[in-house]
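Numbering (my numbering), first residue to last: 305 to 586. Below: one structure, written as structure tokens.
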Ligand SMILES: [Ca+2]
Ligand SMILES: [Ca+2]
Ligand SMILES: [Ca+2]
Ligand SMILES: [Ca+2]
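Shown next, in the form of structure tokens:
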């Protein structure tokens, strides 16, 4: 009847009529009755522990969804934090990529993929986090913040939540198509997710009031050169069949940094080098 339940703390609060009296380990209490005394204050409270899990996986297509054919990643160090940011426990994923923190009281927690996994020689060195909360099935999505690798979770009493999952994918590289490729009309069918008429300012979050196509076509150095290469980079990162070094959010962050600091040259050179690696599209 009470398998999996745990004894409440004894003698909490000041009212013996509503507290729990059972010893927490032995679940017994000594009662001495005076002659003729009725004692109806001996109560036993039980509570159920909860758990959080359960999966870290190789998100091959980087879409943030656990697809068939994508496997778990073993040996990943995972930490459990309380709502004050204190590390409570750590564990490691098994060979199937599964982890579980159990014997948990109700409350607010965070699960975080430890930074040490990403250090040189670590299981996830060179890997990138999948986008969080894609699709509508929490059992199949990734939950970690893409920068902090952390996911918040609130447990009710006795709740088991095994929907806290983390997708990672290996960084690509070695391919890229130039601004000259992407601006040609006959290649518009290779554009994925973005359209030639989309606003550069809206997508990159900087005050550069051109469409993506206008930015690709715009001549000049400095800001204009970065604009051309940033659009090409974004299209390379989003394209099907291009193994591109940078991912979209990194390219957007580079552009924002350039506009904030006025240094357009460094990111332009980095993106241009990748855009000129060779175009696998036709
Ligand atoms: Ca996937
Ligand atoms: Ca989710
Ligand atoms: Ca999930
Ligand atoms: Ca899961």
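The beta-carbon is built from N, C-alpha and C at its ideal position, and this holds for glycine as well.
- Message: To the nearest angstrom, how far is the alpha carbon of residue 486 from that of residue 534?
- Response: 12 Å
- Query: Taking just the CA atoms, how far does residue 459 sit from residue 413?
  - Reply: 8 Å
- Just reading off the beta strand (DSSP E) that residue 394 is part of, what are its end residues? 391-396
- Message: Going by beta-carbon coordinates alone, are residue 363 and residue 472 separated by less than 9 Å?
- Response: Residue 363 places its beta carbon less than 9 Å from that of residue 472.
- Message: Mapping the DSSP letters down to three states, classify residue 360 as helix, strand or coil.
- Response: strand
- Message: Assuming residue 408 is part of the beta strand (DSSP E), what are its boundary residues?
- Response: It spans 402-408 - the beta strand (DSSP E) in which residue 408 sits, taken as one unbroken run.
- Is the beta carbon of residue 567 sitting closer than 9 Å to the one on residue 560? No; because the gap between Cβ atoms is not below 9 Å, this pair is not in contact.
- Message: Looking at residue 433: is its Cβ nearer than 9 Å to the Cβ of residue 449?
- Response: yes
- Query: Using a Cβ-Cβ cut-off of 8 Å (strictly less than) and excluding sequence neighbours within five positions of residue 316, which residues of its own chain qualify?
  - Reply: 323 and 324
- Closer than 8 Å: residue 552 CB and nearest ligand 1 heavy atom: Every heavy atom of ligand 1 is 8 Å or more from the Cβ of residue 552, so no.
- With hydrogens ignored, establish whether the beta-carbon of residue 374 is closer than 8 Å to any heavy atom of ligand 1. The answer is yes for residue 374.
- residue 385 (DSSP reduced to helix, strand or coil): strand
- Looking at C-alpha atoms only, which residue of 547, 569, 563 and 555 is the closest neighbour of residue 585? Per the Cα distances, 547.
- Query: Helix, strand or coil: how does DSSP classify residue 484 here?
  - Reply: helix
- May I ask you to list the residues that DSSP assigns as paired with residue 415? 384 and 455
- Would you kindly work out how many angstroms separate the C-alpha atoms of residue 488 and residue 520, rounded to a whole number? 10 Å
- Task: Tell me whether residue 465 sits in a helix, a strand or coil according to DSSP, three-state version.
- Result: strand
- Item | First and last residue of the uninterrupted beta strand (DSSP E) at residue 444 | Element bounds for residue 444: n/a, residue is neither H nor E.
- By DSSP, does residue 489 sit in helix, in strand, or in coil? helix
- Taking 6 Å as the limit, tell me which residues put their C-beta closer than that to any heavy atom of ligand 4, in chain order. These are the residues, in chain order, with a beta carbon less than 6 Å from any non-hydrogen atom of ligand 4: 358, 359, 443, 466, 467 and 469.
- Span of the beta strand (DSSP E) around residue 516: Per DSSP, residue 516 belongs to no beta strand (DSSP E); it is in the alpha helix (DSSP H), 516-521.
- Is it buried or exposed for residue 416, if we count other Cβ within 10 angstroms and need 16 for buried? buried
- Flag residue 434 as yes when its Cβ comes closer than 8 Å to any non-hydrogen atom of ligand 6, and as no otherwise. Absence of ligand 6 is noted for the structure shown, with ligand 1, ligand 2, ligand 3 and ligand 4 being the only ligands found.
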